[in-house]
Amino acid sequence: MNENPDGTGPPRGGEPSFEERLRAARGRKRLDEPPASRGGSAAGGGFGQSPLGIGLRVGVEMVAAMAVAVGIGWALDHWLHTAPLFIALFVLLGGAAGVLNVWRMFAPRPERTPRA
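Residue numbers (my numbering): 28 to 143.
Structure follows, in structure tokens:
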């Protein structure tokens, strides 16, 4: 509230302006730096997480993919009366989907260029 009454002009009393204070606060919190230099996760890649967090996420990805695949396979086998056929097929597909999800989690992501 150090600005002139009409909201224009420099602040009175030699105190820093709002922009200067904001810039200083962002610098203290390191918000203007890219996430990789702050130690955060690189675009959700999981590299800023603890090893336990990464391991749990990998486990959950694999178990979820297998559970969905086995559920779909069992439902198709139950509906079509083809006992082990679809469950065996979807176990393979679920395992592949789980590995693909983990691969995507750790694969480097290309830099996006802004569209003009």
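We treat Cβ as the ideally placed atom computed from N, Cα and C, and that holds for glycine.
Problem set entry | Beta-carbon contacts of residue 115 that lie in its chain and below 8 Å, excluding the five residues immediately before and after | For residue 115, where only same-chain residues beyond five positions count, the Cβ hits under 8 Å are 100.
Exercise. Would the beta-carbon of residue 120 fall within 7 Å of that of residue 96?
Worked result: Cβ atoms of residue 120 and residue 96: closer than 7 Å.
Problem set entry | Helix, strand or coil at residue 136 [DSSP, three-state] | It is coil, neither helix nor strand.
Problem set entry | Assigned secondary structure, residue 128 (DSSP; H/G/I helix, E/B strand, else coil) | In the structure shown, residue 128 adopts helical secondary structure according to DSSP, grouped into three states.
For this session: Rounded to whole angstroms, what's the CA-CA distance from residue 14 to residue 60? Just pull it up for me.
Result: In the structure as shown, the chain begins at 28 and stops at 143. Residue 14 is therefore absent and cannot be evaluated.
Exercise. Roughly how many angstroms lie between the CA atoms of residue 90 and residue 42, to the nearest whole one?
Worked result: Here the alpha carbons of residue 42 and residue 90 stand approximately 57 Å from one another.
Exercise. Roughly how many angstroms separate the alpha carbons of residue 109 and residue 88, rounded to a whole number?
Worked result: Distance between the alpha carbons of residue 109 and residue 88 is about 28 Å.
Exercise. If you drop the 5 nearest sequence neighbours on each side, which residues of the same chain put their C-beta closer than 8 Å to that of residue 118?
Worked result: Residues 93, 96, 97, 100 of the same chain have their beta carbon placed closer than 8 Å to that of residue 118, with the five preceding and five following residues left out of the count.
Exercise. With a CB to CB cut of under 8 Å and the five nearest residues on each side skipped, what residues in its chain are close to residue 141?
Worked result: Cβ neighbours of residue 141 beyond the five flanking positions: none.
Exercise. If we count the other Cβ atoms within 10 Å of its Cβ and call it buried at 16 or more, is residue 45 buried or exposed?
Worked result: Exposure of residue 45 is indicated by the presence of fewer than 16 other C-beta atoms within 10 angstroms of its C-beta.
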